[in-house]
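Okay, so here's the structure we're looking at.
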Amino acid sequence: MLKEEKRIDYNLTEYLLHPFSDDQNLAAIQIKQMIDEMPGGFFVYRADQDKKILYANKAMYQLLNCSTKEEFQELTHNSFRGIVYSGDWEDVEKTIAEQTDNHPNNLNDIKYRIVQKGGNIRWIDDYRYFVRSKNKEDIFYVFAGEKTQYREEMEKMNQKQLRHLEIIEGLSIDYESIFYVDLDKNTIQPYRVSSRLKKQFGEKYSFKEFNGFDKEYISTWVYEEDKEILSKVTNPEYIREKLADEKSFYVYYRVIDGENIEHLQLRVVDVGKDDHISQIILGYRSIDKEVRHEMEQKELLKIALEQAKSAIAVKNTFLSNMSHDIRTPMNAIIGFAALAKHSIDDQEKLMQCLDQIESSGTHLMNLLHDILEISRIESGTVSVEHEACSLRDILESVERKVLPWAKEKEISVTFDYSDIRHDGIYSDPQKLSQILLRLASNAVKYTENHGNISIIITEQTSLEDYAIFQFVVEDNGIGIDEHFLSHIYEPFERQKNTTLSKVQGTGLGLTITKNLVEMMGGTIQISSSLGKGSRFLVTLSLSIQHKQEPPQPDSDYSSFTYSPPKRILLVEDNQLNLEIEVELLQDAGFLLDTAEDGSIAVDKVKQAVPGYYDVILMDIQMPVMDGYQATRIIRSLSNPAQSKIPIIALSANVFDEDRKKSMESGMNLHLAKPIDLLKLLKAIHQMIQSSAC
Ligand code: ADP
């Protein structure tokens, strides 16, 4: 930041009320000097009982036939009352009071008599301003003149002076430098001067020649590119041209102090009353804060615009990839279905068509699953479990899945986890196997027939509570080129599309994998060389169990069977989903009752003997009555055996907001569709256990 500007404040009122003499107030003294010499009478007095005169100019002394301040003070007892002829006093006081009450800012002139030194009586005109100081002290500024033939002109002059005073007073709040300029006389008079300009005027703030007064200021302070425009402003022709149609104009420029740049504004105001432009006020003020604020706003807008643009670009790429990737298998399904119709008598051909339909359907399903997975990860609805499990079990199940894939392409697989010293860990087994399966499936996909794959898991360091494991999935397949490596984790990015590579894929697998690894607090690294193969290294730090915990009942559905069997009310409007879910749950040993919408479910709960249903599985979006409302009604039933039945939301809406809404409506849990049976069974088990307590 630039150092604080030392401001030299001008304020005549404050100065007259509380005279001070330090050099900071030279500007106020300066203006007093100007008034001292003013042709018309001028005085200032307190608007209280005493009417004490704070100031009177030389013309005022003369008006009272005094030649010195002392004579004036002696004659008037330094009070406004001492100026006015005693016979007029009452009227004067009354008129002033009336005018001040009714029009405090616009007083009419008053006529009264004064008694001069020597006893002569004169009529004068009094034209005044009512002013209230910062500390709420009231004073009058009075311009007074004898009723002469020049009175009008004098009044005009006085008013002009007053106008300058007003403008300067007004400007003085914001401006660090203020000057009064007379273009005809080519003079400049300072009222307030910033430390940067002080040098040009000396300690006494004397009048100076206007033209080029700021030469040194410009060459010392002003930013190179702004020098020209600023020097124009001290050219009378330029000013007159600019002020021909407007009362004021602005010039923006910058000053430079070391490495800092400050933005300033110079305001030029025509304060003359006639058409001939000569009397000018120059005000300099720092607009650094405003400019910086504006620049910040602009920067924010720019960032927002870029973000919006890139969001649109991402969305467009997403949509075009989606439409391509969905259309391809859809075309295959439709095409092969049509072909199947024509080949109804040719068993072999029919079978081929059905195989194609099945594989395209599976691919579509995988694509939808991956998209859903990404949106769940992005919405933050996926959480990492921390459960006791066996690392060997997880690896064995991965191996069991990978071997058949590899066998199809006659790829040899080395699976080695002999180095593991801690089998019992706390982790998220589903996510861990997903990571390994996705990497292994890529290794198989992108390796030619008869290739080699090795999956090696090693335990690096083990500390008291956790161990660092490395999972390496390596192949001698087609490899990845260097340029593509930098985009490999971006959604839908593939080195070659399906048509070119003949390998089906979505370009979402590694995006998901990387996200899962990072959610589990790990890292993933790739090294690859085109034509030679690739190596994926995942490093995870996993908590280790100190004593082997008994295996969790979840590894086997049979651990959730109950005797007598528990009854579930399944609320679901989609027939297909209903059939699948009923079948799965009946297989798992439950008794099932169904309802096609929320209101049927509510009726069934009301009519059933309390305790009849153990758990309700509730879809959200349904006709007639949705799941939220049905839950709210059930929760409001008077019999606790009905109102407290555990309710699990089963919904395709998987965002935080949906989860929150479910909880707010009174559900116990929100699970995402498509159903993960194991998860659902666990949840039901948990609900039954806790409602038994
Ligand atoms: P998908 O396999 O569905 O295309 P991924 O996100 O899993 O999507 O992988 C993105 C791309 O990275 C793949 O299309 C492929 O070009 C490249 N890739 C991934 N794994 C390997 C690998 N083991 N060998 C060669 N290329 C790979």
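Using the working numbering, the first residue of the sequence shown is number 95, and each one after it goes up by one.
Note that the Cβ used here is the ideal one computed from N, Cα and C, for glycine as well.
Residue i burial status per 10 Å Cβ neighbour count (16 or more: buried)
{"i": "G134", "result": "buried"}
{"i": "D220", "result": "buried"}
{"i": "S477", "result": "exposed"}
{"i": "Q391", "result": "exposed"}
{"i": "G625", "result": "exposed"}
{"i": "V718", "result": "exposed"}
{"i": "D232", "result": "exposed"}
{"i": "P423", "result": "buried"}
{"i": "I397", "result": "exposed"}
{"i": "S271", "result": "buried"}
{"i": "S709", "result": "Checking the sequence, you will find Val at residue 709 rather than Ser. When all chains shown are included, V709 counts as buried."}
{"i": "K97", "result": "Below a pLDDT of 50, predicted positions are generally treated as unreliable, and K97, at 35, falls in that range; the measurement from the model is reported next regardless. By the neighbour-count rule (16 or more Cβ atoms within 10 Å), K97 is not buried but exposed."}
{"i": "G352", "result": "exposed"}
{"i": "H457", "result": "buried"}
{"i": "K302", "result": "buried"}
{"i": "M445", "result": "exposed"}
{"i": "L533", "result": "buried"}
{"i": "L775", "result": "buried"}
{"i": "Y378", "result": "buried"}
{"i": "S785", "result": "exposed"}
{"i": "E675", "result": "buried"}
Residues near residue i in its chain [Cβ-Cβ closer than 8 Å; skip 5 each side]
{"i": "K205", "result": "W217, I218, D219, D220 and K241"}
{"i": "H764", "result": "I742, A743, S745, D752, R753, S756 and M757"}
{"i": "T541", "result": "K503, I505, I547, D569, N570, G571, I572 and G627"}
{"i": "Y155", "result": "S161, T162, K163, E165 and F166"}
{"i": "D559", "result": "S637 and I638"}
{"i": "A431", "result": "C447 and I451"}
Paired residues, beta bridge with residue i - DSSP
{"i": "E568", "result": "S548 and R629"}
{"i": "A426", "result": "A426 is not bridged to any residue."}
{"i": "S637", "result": "Y520 and Y560"}
{"i": "L711", "result": "L664 and I742"}
{"i": "S271", "result": "Y378"}
{"i": "G135", "result": "A238"}
{"i": "L686", "result": "I662"}
{"i": "C483", "result": "I519"}
{"i": "Q283", "result": "Y274"}
{"i": "A766", "result": "S745"}
{"i": "Y149", "result": "V138"}
{"i": "S622", "result": "S628"}
{"i": "V178", "result": "I208"}
{"i": "S161", "result": "Per DSSP, none; premise fails for S161."}
{"i": "E442", "result": "BP columns for E442 are empty, so no partner."}
{"i": "T617", "result": "T633"}
Own chain residues within Cβ distance below 6 Å of residue i, not counting five before or after
{"i": "F273", "result": "I282, P284 and L376"}
{"i": "R348", "result": "Y317, D320, I355 and H357"}
{"i": "E690", "result": "D667"}
{"i": "L683", "result": "A quick correction: the sequence has Gly, not Leu, at residue 683. The answer, listed in chain order, is T655 and P659."}
{"i": "D575", "result": "L624"}
{"i": "R515", "result": "E553"}
{"i": "M761", "result": "T725, I741 and A743"}
{"i": "S635", "result": "Y560 and I562"}
{"i": "L350", "result": "A small fix is needed here, since residue 350 is Ile in this sequence, not Leu. The residues are Y317."}
{"i": "L291", "result": "S271 and Y311"}
{"i": "Y346", "result": "Q359"}
Proximal residues to residue i (C-beta, below 7 Å), its chain only, five neighbours per side dropped
{"i": "K767", "result": "L744, S745 and A746"}
{"i": "I427", "result": "I451, S454 and G455"}
{"i": "K341", "result": "V363 and D364"}
For this session: Kindly provide the ranges of any beta strand (DSSP E) runs that are 3 or more residues long and lie completely inside the stretch 486 to 524, ordered along the chain.
Result: Runs found: 506 to 510 and 518 to 521.
Exercise. Which ranges would you report for the alpha helix (DSSP H) in the stretch 307 to 332 if only whole runs of at least 4 residues count?
Worked result: Counting only runs of 4 or more residues that sit fully inside the stretch 307 to 332, the alpha helix (DSSP H) segments are 309 to 315 and 321 to 326, in chain order.
For this session: Please determine if the stretch 463 to 471 and the stretch 479 to 491 are in contact, where contact requires at least 3 C-beta pairs separated by less than 8 Å.
Result: The stretch 463 to 471 is not in contact with the stretch 479 to 491.
For this session: Determine, using beta-carbon pairs with one atom in the stretch 562 to 569 and one in the stretch 537 to 554, whether at least three such pairs fall under 8 Å.
Result: Because the criterion of three Cβ pairs below 8 Å is met, the stretch 562 to 569 and the stretch 537 to 554 touch.
Problem set entry | Minimum length 3: unbroken beta strand (DSSP E) runs contained in the stretch 189 to 226 | Fully enclosed beta strand (DSSP E) runs of no fewer than 3 residues occupy 204 to 209 and 215 to 226 of the stretch 189 to 226, in order along the chain.
For this session: Pick out the complete beta strand (DSSP E) segments inside the stretch 334 to 382, 3 residues or longer, and give them in chain order.
Result: List check, beta strand (DSSP E) in window: 342 to 351, 354 to 364 and 373 to 380.
Exercise. Within the chosen definition, does the stretch 728 to 738 reach the stretch 700 to 710 through at least 3 CB pairs nearer than 8 Å?
Worked result: Under the three-pair Cβ rule at 8 Å, the stretch 728 to 738 counts as touching the stretch 700 to 710.
Exercise. If we count Cβ pairs, one from each stretch, closer than 8 Å, do we get three or more for the stretch 520 to 532 versus the stretch 630 to 639?
Worked result: Under the 8 Å Cβ criterion, the stretch 520 to 532 counts as touching the stretch 630 to 639, having at least three qualifying pairs.
For this session: Answer yes if the stretch 300 to 309 comes into contact with the stretch 324 to 334, meaning at least three C-beta pairs across the two stretches below 8 Å, and no otherwise.
Result: With the rule of 3 Cβ pairs closer than 8 Å, the stretch 324 to 334 counts as touching the stretch 300 to 309.
Exercise. Is the stretch 459 to 466 touching the stretch 489 to 508 in the sense that three or more CB pairs, one from each, lie closer than 8 Å?
Worked result: Below 8 Å, too few C-beta pairs join the stretch 489 to 508 and the stretch 459 to 466 to call them touching: fewer than three.
Exercise. Touching or not, the stretch 169 to 180 and the stretch 146 to 156, by the rule of three or more beta carbon pairs under 8 Å?
Worked result: Verdict: yes, contact present.
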